[in-house]
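Colleague:
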Amino acid sequence: MSDLALRLEAIRERIHRACVSCGRAPESVDLLAVSKFHSVEQVREAAALGLRAFGENYVQAGCAKAEALPDLNFVLIGPLQRNKAKPALLHFRELMTLDRPELALRLRPLAEELNVRCGVWIQLDLWGEATKIGGCPEEGIPALVGALGQDPRLPLQGFMAIPPPGMDTAFLQLAKLRETWQQRLGFPLRLSMGMSDDLEKAILAGTDQVRIGTALFGERA
Ligand SMILES: *Cc1c(COP(=O)(O)O)cnc(C)c1O
Numbered sequence: 003m004s005d006l007a008l009r010l011e012a013i014r015e016r017i018h019r020a021c022v023s024c025g026r027a028p029e030s031v032d033l034l035a036v037s038k039f040h041s042v043e044q045v046r047e048a049a050a051l052g053l054r055a056f057g058e059n060y061v062q063a064g065c066a067k068a069e070a071l072p073d074l075n076f077v078l079i080g081p082l083q084r085n086k087a088k089p090a091l092l093h094f095r096e097l098m099t100l101d102r103p104e105l106a107l108r109l110r111p112l113a114e115e116l117n118v119r120c121g122v123w124i125q126l127d128l129w130g131e132a133t134k135i136g137g138c139p140e141e142g143i144p145a146l147v148g149a150l151g152q153d154p155r156l157p158l159q160g161f162m163a164i165p166p167p168g169m170d171t172a173f174l175q176l177a178k179l180r181e182t183w184q185q186r187l188g189f190p191l192r193l194s195m196g197m198s199d200d201l202e203k204a205i206l207a208g209t210d211q212v213r214i215g216t217a218l219f220g221e222r223a
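With the working numbering applied, the sequence shown covers 3 to 223.
1) Measuring straight from C-alpha to C-alpha, what distance separates V77 and F94?
2) What number of angstroms, rounded off, separates the C-alpha of W129 from the C-alpha of T99?
3) Identify which residue in R213, M162, I124 and E141 has its Cα closest to the Cα of L33.
4) Let me know if F56 comes out buried or exposed under the rule of 16 or more other beta-carbons within 10 Å of its beta-carbon.
5) For S37, count the other beta carbons within 10 Å of its own beta carbon; 16 or more makes it buried, fewer makes it exposed. Which is it?
6) Just reading off the alpha helix (DSSP H) that L218 is part of, what are its end residues?
7) Evaluate the contact criterion for the segment 15-24 versus the segment 39-47: three or more CB pairs, one atom per stretch, below 8 Å.
8) Hey, which unbroken runs of the alpha helix (DSSP H) at 4 residues or more fall wholly within the segment 103-162?
9) Pick out whichever of D101, S4, L191 and C65 has its Cα sitting closest to the Cα of G142.
10) Return the Cβ separation of L91 and L107 in integer angstroms, given the expectation that the two are a contact with Cβ distance under 8 Å.
11) Buried or exposed for L174, please, with buried defined as at least 16 other CB atoms from any protein chain shown within 10 angstroms of its CB.
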């Protein structure tokens, strides 16, 4: 077995064990493979092992991979600038880092013009770290949801977050906010949280998706 195959098996085993330990079905947790800084060849190898969805942090690099591998789904998990909105909408299946109304208001007419549909996630920052990694604070959610306006071209999938390392309450805080907002909106919202080092805690708190880079592809160059 290749290194990649072994690592994938180890991650699936971790997900399985974490789910069993809290009474969840292992299929209830999606694995998003984070391929930033890894080559098209490595993504192709991962696809051959059955992975279909890949997270990319940079619009340009992600678009290049999406063009090279048109059968796979690429998802933007890094910051989106307004001037990259067009290539992002054309190449990514989902945009996970929506964090301000201006971005939603830029994407909506553009999605109409390009005749595309793209799932969007709100990236949350409940811990005041937005200057580093982006993210919408809790009090910013209403305006952002309002700006999206339940546009059928940009369906809201859920909340994504990168909590500060070691902050054990963060995942539960996010899970609670998901509950609140899905009741308020009247449709289900998914949660994407948990990475190589903390996927077990995220699963225990109820995440629907973990985003795994290092534990799958190895250290980034
Ligand atoms: C890089 C990255 C990941 C993957 O992190 P690992 O610790 O390598 O698993 C997940 N989510 C986002 C937003 C990232 O930028």
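Each residue gets a CB set at the ideal place from its N, CA and C atoms; glycine is no exception. It should be emphasised that the depicted structure is a prediction, and the values quoted were computed from it without experimental measurement.
Modeller: This is what the structure holds:
1) Within the sequence shown, residue 77 is the residue found at index 75, counting from 1. Within the sequence shown, residue 94 is the residue found at index 92, counting from 1. Looking at the two C-alpha atoms, the distance is approximately 5 Å.
2) Reading the sequence shown from its first residue, position 127 is the one you call residue 129. Reading the sequence shown from its first residue, position 97 is the one you call residue 99. Using only the alpha carbons, I get a separation of about 16 Å.
3) As a first step, residue 33 must be located in the sequence shown, where it is residue number 31. Distances from the CA of L33 to each of R213, M162, I124 and E141 were compared; the closest alpha carbon is that of R213.
4) Here residue 56 refers to the residue found at position 54 when the sequence shown is read from its first residue. Answer is buried; the Cβ neighbour count reaches 16.
5) Here residue 37 refers to the residue found at position 35 of the sequence shown. So S37 ends up on the buried side.
6) As a position in the sequence shown, residue 218 is number 216, starting the count at 1. Where L218 is concerned, the enclosing alpha helix (DSSP H) stretches over T216 to F219.
7) no
8) 103-116, 132-135 and 143-150
9) The sequence position of residue 142 within the sequence shown is 140, counting from 1. Closest option to G142, Cα to Cα, is D101.
10) Translated into positions along the sequence shown, residue 91 becomes position 89. Translated into positions along the sequence shown, residue 107 becomes position 105. In this structure L91 is not in contact with L107, their Cβ atoms being roughly 14 Å apart against a cut-off of 8 Å.
11) Numbered from its first residue, the sequence shown carries residue 174 at position 172. The C-beta of L174 has fewer than 16 other C-beta atoms within 10 Å across all chains shown, which makes the residue exposed.
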